[in-house]
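Here's the structure, in structure tokens; my notes come after.
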Amino acid sequence: MSPTPARRPGDRGEVSRFHSPDFPGAQHHTPKPATSHNAPTLAHIYPPGAAPIQLPGALTLRNVEDLDAMKEAIEGKSSATIIGGGFIGLEVAENLRKRGMEVTVIEGGPQVMAPLDPEMAGIVAKRLEDNGVKVVTGTIVKDISELDSDVVIAAIGVRPATELAESAGLETNRGIVVDEMMRTSDPNIYAVGDAVEKRHANDGELTLVPLAQTANRHGRLVADVITGRTTKAKQVLGTAVVGVFGLTVATVGWAEKTARAQGRNVRAIHLHPANHAGYYPGATTIHLKLVVDADTDAILGAQAIGEDGADKRIDVIATAMRGGLTASDLADLELAYAPQFGSAKDPINMAGFINDNIVTGAKTVQYHEVADYVADGWKLVDVRTPAEHTAGTIDGAVNIPVGEIRDRLDQFTGEKVLVFCQVGMRGHTAASLLHNKGVEVANVDGGYLTWSLAGGA
Ligand SMILES: Cc1cc2nc3c(=O)[nH]c(=O)nc-3n(C[C@H](O)[C@H](O)[C@H](O)COP(=O)(O)OP(=O)(O)OC[C@H]3O[C@@H](n4cnc5c(N)ncnc54)[C@H](O)[C@@H]3O)c2cc1C
2 MSPTPARRPG
12 DRGEVSRFHS
22 PDFPGAQHHT
32 PKPATSHNAP
42 TLAHIYPPGA
52 APIQLPGALT
62 LRNVEDLDAM
72 KEAIEGKSSA
82 TIIGGGFIGL
92 EVAENLRKRG
102 MEVTVIEGGP
112 QVMAPLDPEM
122 AGIVAKRLED
132 NGVKVVTGTI
142 VKDISELDSD
152 VVIAAIGVRP
162 ATELAESAGL
172 ETNRGIVVDE
182 MMRTSDPNIY
192 AVGDAVEKRH
202 ANDGELTLVP
212 LAQTANRHGR
222 LVADVITGRT
232 TKAKQVLGTA
242 VVGVFGLTVA
252 TVGWAEKTAR
262 AQGRNVRAIH
272 LHPANHAGYY
282 PGATTIHLKL
292 VVDADTDAIL
302 GAQAIGEDGA
312 DKRIDVIATA
322 MRGGLTASDL
332 ADLELAYAPQ
342 FGSAKDPINM
352 AGFINDNIVT
362 GAKTVQYHEV
372 ADYVADGWKL
382 VDVRTPAEHT
392 AGTIDGAVNI
402 PVGEIRDRLD
412 QFTGEKVLVF
422 CQVGMRGHTA
432 ASLLHNKGVE
442 VANVDGGYLT
452 WSLAGGA
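The sequence shown begins at 2 in this note's numbering and counts up by one.
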């Protein structure tokens with residue numbers, strides 16, 4: 002059935018009827034005219050969502066019906082391959098593994114969880130493997146008959162459902178084009194949610210962010226607009242979280258790789274603090290990465306992974322980003338503290354301190370730059386204890402514990418020195434000592450832990 006052509010802009014007061022190819026006979030609800038003088042007399046609200054990209058023969062997951070079909074398909078089966086290592090793929094992998102199935106995740110890109118940087122995604126891959134999920138990366142599946150598996154599920158992304166909008170003559174790009182009030186190219190038709198293009202808060206450019214908070218917020222916004230309030234959509238940050246076998250994996254804004262691809266001068270900060278005071282029982286590590294615009298000190302994004310408290314830290318950073326705080330401002334946030342909930346210096350404050358150290362002159366080197374520095378003649382010094390050094394270090398490092406640096410300054414004469422510790426803190430102390438003695442020195446950001454999480458880059 003062909004859709005009725007869209008009304009032209011400004012053409013108000015008519016009842017238009019859309020017939021969807023997916024929902025034959027369905028009609029748009031026509032709300033009663035709003036009472037406010039500046040409200041439209043007729044509004045059509047169009048939230049068709051995003052449809053999973055299909056791979057012939059593979060199951061997909063969008064709704065409860067898909068879930069029922071999946072439950073039926075896995076009944077009595079022992080192996081499953083999930084194509085796609087993103088949010089939905091990993092959630093499905095965990096659930097099927099917990100049902101006792103042999104599970105393989107095949108990801109076309111170089112890592113699972115594409116929104117993360119590789120050294121952070123490695124933590125997620127390890128958690129999957131530790132729980133018996135086989136992870137294959139860098140492999141694009143074109144034909145599922147190649148796979149030796151009882152069930153195949155494709156979780157390879159979603160595509161804005163723009164078909165009806167296109168057939169109705171509305172302007173579309175990668176998604177449905179809307180203005181700040183969610184009006185389509187026909188101002189009496191509003192579109193919201195996964196199907197529409199949004200603007201990213203980091204650069205104001207068009208992007209697709211298929212997430213529930215944004216869809217819900219836009220729904221409320223349209224309700225405001227059609228009842229006469231003048232309100233505009235905020236640009237999006239893409240704040241997201243997923244659980245993977247007990248790990249919370251949360252992200253906001255851009256990853257470092259995205260920021261670099263956008264041509265930004267990036268300052269990356271890695272830290273590995275405890276979720277709450279270390280002396281209080283049950284403390285666990287949060288792996289936190291902050292991505293900062295080095296020219297403006299603006300926070301461009303963050304990633305946090307841990308057993309507990311990662312989501313809280315990302316939510317704080319998302320709030321800081323929305324409020325326009327700089328990375329250095331994070332040092333001064335007054336965050337609730339009692340030993341079982343956090344630390345007097347919360348991980349967020351610590352990220353701000355590290356940023357402030359760099360802004361005020363401390364030099365850090367990223368894990369992937371270490372080899373180049375060593376090749377360039379920098380002396381690599383492990384400032385941890387001999388026991389830590391013996392348990393594992395970066396090739397070529399000499400061990401001078403931080404407590405001995407003052408007494409062994411003669412060993413640094415005329416050297417350019419690259420120090421590292423476990424997570425970056427003792428390294429910063431060592432670097433400060435050496436810097437004050439006139440030595441050219443840098444500290445490996447995030448320490449040995451970041452370097453080893455990246456696979457000993
Ligand atoms: C398995 C899964 C897990 C998810 N988990 C999360 C999460 O944890 N956090 C998060 O933020 N987001 C999550 N999402 C994404 C979130 O569900 C979407 O961002 C959100 O639902 C988008 O809302 P929407 O209204 O745009 O689209 P939808 O919720 O998809 O709703 C669109 C509806 O419109 C219907 N429709 C489509 N075309 C027509 C038509 N022509 N006529 C009539 N009806 C039509 C569709 O059938 C659908 O019911 C998840 C998505 C999936 C699939």
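The C-beta atom is built at its ideal place from N, Cα and C for all residues, glycine as well. As the structure is a computational prediction, the values presented were derived from the model and not from experiment.
Collapsed DSSP secondary structure at V237 in the structure displayed: Your numbering for residue 237 matches position 236 in the sequence shown. Of the three classes helix, strand and coil, the one that applies to V237 here is strand, per DSSP.
Helix, strand or coil at P116 [DSSP, three-state]: Along the sequence shown, read from residue 1 onward, the residue named residue 116 stands at position 115. It is coil, neither helix nor strand.
Cβ pair count under 8 Å reaching 3, the stretch 77 to 95 against the stretch 139 to 151: yes
Minimum C-alpha distance to A269 - residue among M121, A431, R427, D69: To locate residue 269, count along the sequence shown from 1; it is residue 268. Closest option to A269, Cα to Cα, is M121.
Beta bridge counterpart(s) of F354 as assigned by DSSP: By one-based count along the sequence shown, residue 354 stands at place 353. In the DSSP output, where bridge partners are listed per residue, F354 has none listed.
Pair within 8 Å by beta-carbon distance, V152 and R98: Position 151 of the sequence shown, counted from the start, is the residue given in the question as residue 152. Position 97 of the sequence shown, counted from the start, is the residue given in the question as residue 98. Contact flag unset, no.
As assigned by DSSP and simplified to three states, the class of D309: Taking the sequence shown and counting its residues from 1, the one referred to as residue 309 is at position 308. The answer is coil: DSSP assigns D309 none of H, G, I, E or B.
Start-to-end residues for the beta strand (DSSP E) that takes in E441: Position 440 of the sequence shown, counted from the first residue, corresponds to residue 441. Here the beta strand (DSSP E) through E441 covers 441 to 445.
Three-state class that DSSP yields for P274 in the structure shown: Taking the sequence shown and counting its residues from 1, the one referred to as residue 274 is at position 273. Looking at P274 - three-state DSSP - the assignment turns out to be coil, as it is neither helix nor strand.
Test item: CB-CB of N132 and F246 under 8 Å: The residue you call residue 132 lines up with position 131 of the sequence shown. The residue you call residue 246 lines up with position 245 of the sequence shown. Cβ atoms of N132 and F246: closer than 8 Å.
E116 Cβ short of 7 Å to ligand 1 heavy atom set: On the sequence shown, position 115 is the one that residue 116 refers to. Sequence inspection shows Pro at residue 116; the Glu mentioned does not correspond to that position. No, since every heavy atom of ligand 1 falls outside the 7 Å radius drawn around the Cβ of P116.
Cβ neighbour criterion (16 or more within 10 Å) applied to P211: Taking the sequence shown and counting its residues from 1, the one referred to as residue 211 is at position 210. P211 should be labelled buried.
Closer than 7 Å: Q214 CB and nearest ligand 1 heavy atom: Here the question's residue 214 lines up with position 213 in the sequence shown. Q214: yes, Cβ under 7 Å from ligand 1.
Exposure of Q55, with buried meaning 16 or more beta-carbon neighbours within 10 Å: In the sequence shown, counting from the first residue as 1, residue 55 sits at position 54. Burial call: exposed.
Helix, strand or coil at A169 according to DSSP, with G and I counted as helix: Your numbering for residue 169 matches position 168 in the sequence shown. Residue state, collapsed to three classes: coil.
Bridge partners - T208, DSSP secondary structure assignment: Taking the sequence shown and counting its residues from 1, the one referred to as residue 208 is at position 207. DSSP output for T208 lists K199 as bridge partner(s).
Same chain, Cβ closer than 6 Å to T215, five either side skipped, listed in chain order: Stepping through the sequence shown from its first residue, residue 215 is reached at position 214. Excluding sequence neighbours, T215 sits near V237.
Distance, A398 Cα to C422 Cα: Taking the sequence shown and counting its residues from 1, the one referred to as residue 422 is at position 421. Taking the sequence shown and counting its residues from 1, the one referred to as residue 398 is at position 397. Distance between the alpha carbons of C422 and A398: 11 Å.
Strand pairing of V242, partner residues [DSSP]: As a first step, residue 242 must be located in the sequence shown, where it is residue number 241. Bridge partners of V242: A251.
Cβ-based burial, R175 [other Cβ within 10 Å; buried from 16]: Along the sequence shown, read from residue 1 onward, the residue named residue 175 stands at position 174. R175 should be labelled exposed.
Limits of the unbroken beta strand (DSSP E) element including E103: Translated into positions along the sequence shown, residue 103 becomes position 102. Segment 103 to 107, the beta strand (DSSP E) holding E103.
Euclidean distance between Cα positions of S37 and N217: Counted from its first residue, the sequence shown places residue 37 at position 36. Counted from its first residue, the sequence shown places residue 217 at position 216. Low confidence applies to S37: its pLDDT is 45, below 50, so where it sits in the model is not reliable enough to give any reading.
Buried versus exposed call for Q341 [16 or more other C-beta atoms within 10 Å across all chains shown]: If you number the sequence shown from 1, residue 341 lands on position 340. Flag for Q341 reads exposed.
Cβ of G428 within 8 Å of any chain C Cβ: The structure shown contains no chain C; it is built from a single protein chain.
Best match in E130, K346, E172, I107 for proximity to L148 [C-alpha to C-alpha]: As a first step, residue 148 must be located in the sequence shown, where it is residue number 147. Of the listed residues, the one whose Cα sits closest to L148 is I107.
Proximity below 8 Å, CB of P48 to CB of A192: Taking the sequence shown and counting its residues from 1, one reaches residue 48 at position 47. Taking the sequence shown and counting its residues from 1, one reaches residue 192 at position 191. Contact flag set, yes.
Residue of A169, L207, V243, L450 minimising C-alpha distance to N189: The residue you call residue 189 lines up with position 188 of the sequence shown. It is A169.
I406 Cβ short of 7 Å to ligand 1 heavy atom set: The count along the sequence shown starts at 1 and reaches residue 406 at position 405. No, ligand 1 has no heavy atom inside 7 Å of this Cβ.
Cutoff 6 Å; reference G447; Cβ partners in own chain excluding five residues on either side: On the sequence shown, residue 447 is found 446 positions in, with the first residue counted as 1. Closer than 6 Å at Cβ, skipping near neighbours: H271, G425.
Length of the line joining the Cα atoms of Q112 and K346: Taking the first residue of the sequence shown as position 1, residue 112 is located at position 111. Taking the first residue of the sequence shown as position 1, residue 346 is located at position 345. When rounded, the distance between both Cα atoms is 32 Å.
Under the three-state DSSP convention, the category Y449 falls into: Residue numbering aside, residue 449 sits at position 448 when the sequence shown is read from its first letter. If DSSP states are grouped into helix, strand and coil, Y449 belongs with the helices.
Simplified DSSP assignment, three categories, for T163: By 1-based counting over the sequence shown, the position of residue 163 is 162. DSSP places T163 in coil when its eight states are reduced to three.
heavy atom of ligand 1 below 7 Å from I89 C-beta: Locating residue 89 in the sequence shown gives position 88, where the first residue counts as 1. For ligand 1, at least one heavy atom lies less than 7 Å from the Cβ of I89.
Meets three-Cβ-pair contact criterion under 8 Å: the stretch 369 to 382 and the stretch 402 to 420: yes
Collapsed DSSP secondary structure at D411 in the structure displayed: Residue 411 sits at position 410 when you count from the first residue of the sequence shown. Helix, per DSSP.
For V125 and G307, the rounded distance between their alpha carbons: Position 306 of the sequence shown holds residue 307. Position 124 of the sequence shown holds residue 125. The alpha-carbon atoms of G307 and V125 are separated by roughly 10 Å.
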